[in-house]
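Take a look at the structure below.
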Amino acid sequence: MTLTQKVAFRETLLSPDEESGLVDAYRNDGCRKSLDRLVRTHARMAFSVARRWSNNEAHMQDLAQEGMIGIMRAADKFNPSFGKRFAQYCRWWILSSISSRASEVVCVVDMPDRVFVAHRRKRLEGADAALVGAAVTAVSISEPLGGDEGGATVGDMLVSDETSPESAAVQSEMNWYYRTAVQTAMQGLTEREREILSRRRLAETPETLEVVADFFDLTRERIRQIENAAMAKVERNLRAAGFRAEDLDELVA
Numbered sequence: 490m491t492l493t494q495k496v497a498f499r500e501t502l503l504s505p506d507e508e509s510g511l512v513d514a515y516r517n518d519g520c521r522k523s524l525d526r527l528v529r530t531h532a533r534m535a536f537s538v539a540r541r542w543s544n545n546e547a548h549m550q551d552l553a554q555e556g557m558i559g560i561m562r563a564a565d566k567f568n569p570s571f572g573k574r575f576a577q578y579c580r581w582w583i584l585s586s587i588s589s590r591a592s593e594v595v596c597v598v599d600m601p602d603r604v605f606v607a608h609r610r611k612r613l614e615g616a617d618a619a620l621v622g623a624a625v626t627a628v629s630i631s632e633p634l635g636g637d638e639g640g641a642t643v644g645d646m647l648v649s650d651e652t653s654p655e656s657a658a659v660q661s662e663m664n665w666y667y668r669t670a671v672q673t674a675m676q677g678l679t680e681r682e683r684e685i686l687s688r689r690r691l692a693e694t695p696e697t698l699e700v701v702a703d704f705f706d707l708t709r710e711r712i713r714q715i716e717n718a719a720m721a722k723v724e725r726n727l728r729a730a731g732f733r734a735e736d737l738d739e740l741v742a
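Okay, here's the thing in structure tokens:
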């Protein structure tokens, strides 16, 4: 599906009931029209996130398309019993899809300069393509600075080790979603299971088995058993909510 930013922002937002009805129609009946409507009405989120990564129109459109793929993945994985609206759930998938794609685009400066330009030339014609070729001859991203063969290159100057504000913002939202997902998954635990799991796995400084055992006046082995049983419940709930196996390490490490 290809949507422009202008079209995406003209789409009417769904009410909670409309959203739920479309999700049910797709989940239960495989209705492709419902999936199409879900993607179109949530595409504005994909463009909003894509704009954080690039102000280049073509680049942003590519990233937004990745975000729309994320919406479709969210529709496949969404479970209403998770206790969240689809709009909240699919936002994480949009962030995940776009941030993964954006990291690939950033690495383009590592490509040989003529390979990069040959790829971009496909979008250009006539004089524009000739100008690009001339520019590469004048300044190559693999050209050593100052003529020193062993020194830094122009390409080196284009890459920063610092975390960009865009990356930090996406990571912050993803961390928030992870925490929310775990808290929701823990709702099916007993009060004691939640307390033990929080102390052992979720605290900023996890407590030792001995400390937790003393607090509950139980043996360390019994605490370990309760902790493992609670973790198994949380993992089942997370999988039911549509998380991939590789996400579990981030969520419950």
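The opening position of the sequence shown corresponds to residue 490 in the numbering used here, with each subsequent residue numbered one higher.
We treat Cβ as the ideally placed atom computed from N, Cα and C, and that holds for glycine.
Predicted model, so just to flag it, every value in this text is computed and none were measured.
- Counting of Cβ neighbours within 10 angstroms places residue 530 among the buried residues, the total reaching 16 or more.
- Its chain contains 523, 527, 564, 567, 569, 575 as the residues whose beta carbon lies nearer than 8 angstroms to that of residue 512, once the 5 sequence neighbours on both sides are disregarded; these appear in chain order.
- Non-local C-beta neighbours of residue 695 in its own chain, meaning closer than 6 angstroms and more than five positions away in sequence, comprise 689, ordered along the chain.
- A direct Cα-Cα distance of roughly 27 angstroms separates residue 588 from residue 509.
- Distance from the CA atom of residue 558 to the CA atom of residue 702, rounded to whole angstroms, is 47 angstroms.
- Cβ contact annotation for residue 555 (same chain, cutoff 6 angstroms, sequence separation greater than five): 586, 587, 590, in chain order.
- In the three-state reduction of the DSSP assignment, residue 695 falls in the coil class.
- In summary, residue 538 is buried, with 16 or more beta-carbon neighbours lying within 10 Å of its beta-carbon over all protein chains present.
- Counted as a single uninterrupted DSSP element, the alpha helix (DSSP H) harbouring residue 565 occupies residues 546-566.
- In the three-state reduction of the DSSP assignment, residue 579 falls in the helix class, which pools H, G and I.
- Using a Cβ distance threshold of 9 angstroms, residue 709 and residue 698 count as a contacting pair.
- Residue 678 and residue 704 have their alpha carbons spaced roughly 19 angstroms apart.
- Of the candidates 551, 505, 546, 543, 505 places its Cα closest to the Cα of residue 577.
- Per the C-alpha coordinates, the member of 514, 534, 516 positioned closest to residue 498 is 534.
- Secondary structure note for residue 679: it is in no alpha helix (DSSP H), with a DSSP letter that is neither H nor E.
- Comparing C-alpha distances from residue 724 to each of 584, 693, 676 shows the shortest one belongs to 676.
- Rounded to the nearest whole angstrom, the CA to CA distance from residue 521 to residue 561 is 11 angstroms.
- Between residue 674 and residue 726, the C-beta gap is smaller than 9 angstroms, which places the two residues in contact.
- Annotation for residue 522: the continuous alpha helix (DSSP H) segment containing it runs 521-542.
- Boundaries of the alpha helix (DSSP H) around residue 507: 505-518.
- Between residue 549 and residue 685, the alpha-carbon positions lie close to 45 angstroms from each other.
- Burial is judged here by how many other beta carbons sit within 10 angstroms of a residue's own beta carbon; residue 692 has fewer than 16 and is exposed.
- In the three-state reduction of the DSSP assignment, residue 500 falls in the coil class, being assigned neither a helical nor a strand state.
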